[in-house]
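Count along the sequence shown from 1, then add 6; that gives the number in my numbering.
Just so it is clear, CB atoms sit at the ideal spot from N, CA and C, and this is done for glycine as well.
Model, not experiment: these values are computed from the prediction.
This report refers to the structure that appears directly beneath it.
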Amino acid sequence: MALDAQSIQAAVDAAHRDNAGLQGGANASYIPYLASVDSSLFGVAVVTAEGEVHSAGDADFEFALESISKVFTMARAMADVGPEAFHQKIGADPTGLPFNSVMALELHNDKPLSPLVNAGAMSSASLVKAEGAEQRWQRILETQQAFAGRKIQLSPEVNHSEQTTNFHNRAIAWLLYSGGAMYSDPMEACDVYTRQCSTLVSTKDLATMGATLAAGGMNPVTQERVVAAELVPHMLAEMTMEGLYTSSGDWAYTVGLPGKSGVGGGVLSVAPGKLAIAAFSPPLDPVGNSVRGMAAVAQVAQRLDLSLY
Ligand code: DON
Numbered sequence: 007m008a009l010d011a012q013s014i015q016a017a018v019d020a021a022h023r024d025n026a027g028l029q030g031g032a033n034a035s036y037i038p039y040l041a042s043v044d045s046s047l048f049g050v051a052v053v054t055a056e057g058e059v060h061s062a063g064d065a066d067f068e069f070a071l072e073s074i075s076k077v078f079t080m081a082r083a084m085a086d087v088g089p090e091a092f093h094q095k096i097g098a099d100p101t102g103l104p105f106n107s108v109m110a111l112e113l114h115n116d117k118p119l120s121p122l123v124n125a126g127a128m129s130s131a132s133l134v135k136a137e138g139a140e141q142r143w144q145r146i147l148e149t150q151q152a153f154a155g156r157k158i159q160l161s162p163e164v165n166h167s168e169q170t171t172n173f174h175n176r177a178i179a180w181l182l183y184s185g186g187a188m189y190s191d192p193m194e195a196c197d198v199y200t201r202q203c204s205t206l207v208s209t210k211d212l213a214t215m216g217a218t219l220a221a222g223g224m225n226p227v228t229q230e231r232v233v234a235a236e237l238v239p240h241m242l243a244e245m246t247m248e249g250l251y252t253s254s255g256d257w258a259y260t261v262g263l264p265g266k267s268g269v270g271g272g273v274l275s276v277a278p279g280k281l282a283i284a285a286f287s288p289p290l291d292p293v294g295n296s297v298r299g300m301a302a303v304a305q306v307a308q309r310l311d312l313s314l315y
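Written out as structure tokens, the structure reads:
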């Protein structure tokens with residue numbers, strides 16, 4: 007299938023139409039805000055490595071970035087400490103366990119293994135060069151904004167909902183600290199991680215963030231260099247290994263592209279050098295991945311023959 011504008015738009019439209027009626031899954035219930043989002047919302051978008059935007063459905067509706075934020079904090083931390091130190095301190099393997107697993111840390115001498123699970127994401131946030139919480143937060147937020155090419159913002163409502171319920175993550179942060187894998191004050195890292203999950207993006211923003219990776223670290227819409235080209239393959243490898251948690255292997259097998267999901271209902275996949283596909287729909291499967299979102303992204307990737315393998 008050729009990657010001309012008409013074929014891409016047709017694939018996006020079909021993925022929206024064919025999956026809109028897909029049933030199953032439930033909104034995340036452990037964060038009160040997420041439970042309250044309209045479950046019927048559904049958006050699909052593609053942004054190409056040249057900056058062309060294609061979308062269908064509720065692609066302008068803004069939802070919580072959640073775990074997809076881990077990708078952009080990874081970029082900031084990897085750039086700050088260098089890819090070798092990042093690899094050595096965090097790792098690049100799947101945990102084989104849920105995204106907020108404590109057991110994963112216990113099994114691996116307190117090494118997080120991946121920046122895309124909660125432990126590794128908080129450890130990554132702690133690696134970002136900063137003097138204090140506000141500078142750490144600003145540098146992470148500015149990184150998200152550079153990937154999106156616009157001033158995306160923290161939702162005070164989502165942040166409040168998360169900060170008042172994140173006790174499990176606080177426990178993980180202290181465990182990391184006791185194991186020597188936390189590089190700032192642990193509660194500062196947990197606070198900033200919680201904020202980074204609480205920003206609002208649209209499906210189009212998400213596709214632009216992914217297109218920045220597809221274009222080798224240059225935002226194709228703003229033409230700003232956001233991350234060094236040599237870091238992008240490391241980031242995509244991390245996404246392949248753990249981007250969809252315990253479904254990452256199935257995603258590689260069936261879709262064949264690096265991806266990342268969040269409990270807000272967003273799903274992102276990157277076809278290097280070509281484009282990024284994003285989708286949003288709140289109901290999640292038991293792993294924490296959007297049911298319609300995964301189906302839509304997979305359909306676009308398959309129809310456009312984008313698998314890397
Ligand atoms: O750490 C948490 O629980 C959330 N703020 C983010 C988790 C998340 O999105 C996991 N992804 N599917």
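Proximity test, residue i beta-carbon vs the ligand DON heavy atom, cut-off 6 Å
i      : result
VAL164 : no
PHE105 : yes
GLU72  : yes
ASN124 : yes
VAL269 : yes
GLY294 : yes
CYS196 : no
ASN175 : yes
For residue i, the three-state DSSP class (helix, strand or coil)
i      : result
SER45  : coil
LYS117 : coil
ALA221 : coil
VAL293 : coil
ARG145 : helix
LYS210 : helix
SER61  : strand
VAL261 : coil
PHE69  : strand
LYS266 : strand
SER275 : strand
VAL52  : strand
Length of the line joining the Cα atoms of residue i and residue j
i      : j      : result
TYR39  : PHE92  : 33 Å
MET245 : LEU160 : 24 Å
GLY63  : TYR183 : 44 Å
SER167 : ASN106 : 17 Å
VAL238 : ARG82  : 12 Å
VAL273 : SER208 : 11 Å
LEU147 : TYR199 : 11 Å
GLU163 : SER42  : 12 Å
VAL293 : MET300 : 12 Å
ASN172 : ASN124 : 11 Å
LEU113 : ALA179 : 16 Å
ASN115 : LEU181 : 11 Å
ALA302 : ALA20  : 9 Å
LEU47  : ALA277 : 25 Å
MET247 : GLN169 : 28 Å
LEU1   : SER35  : Nothing can be reported for residue 1: it is not among the residues displayed for the chain, which extend from 7 to 315.
GLY265 : ALA217 : 12 Å
MET84  : GLY30  : 37 Å
C-beta contact flag for residue i and residue j at 7 Å
i      : j      : result
ALA304 : ALA213 : no
PHE286 : MET215 : no
GLN202 : THR79  : yes
ASN225 : GLY155 : yes
VAL227 : GLY57  : yes
GLY330 : VAL233 : With the chain running from 7 to 315 in the structure shown, residue 330 is simply not present.
ALA220 : ALA17  : no
ARG309 : ASN25  : no
LEU314 : GLY279 : no
ASP86  : LYS135 : yes
SER61  : ALA51  : yes
ALA195 : SER132 : yes
ASN295 : SER267 : yes
GLY339 : ALA65  : No information on residue 339 is available, as it lies outside the stretch 7 to 315 that the chain covers here.
Local Cβ density within 10 Å of residue i, reported as buried at 16 or more and exposed below that
i      : result
MET241 : buried
LYS157 : exposed
HIS174 : exposed
GLY186 : exposed
GLY126 : buried
MET109 : exposed
ALA11  : exposed
TYR189 : buried
GLU72  : buried
GLN150 : buried
Residue i: CB within 6 Å of a non-hydrogen atom of the ligand PLP
i     : result
ASN33 : Because the ligand PLP does not appear in the structure shown, any question about it cannot be addressed here, the ligands present being the ligand DON.
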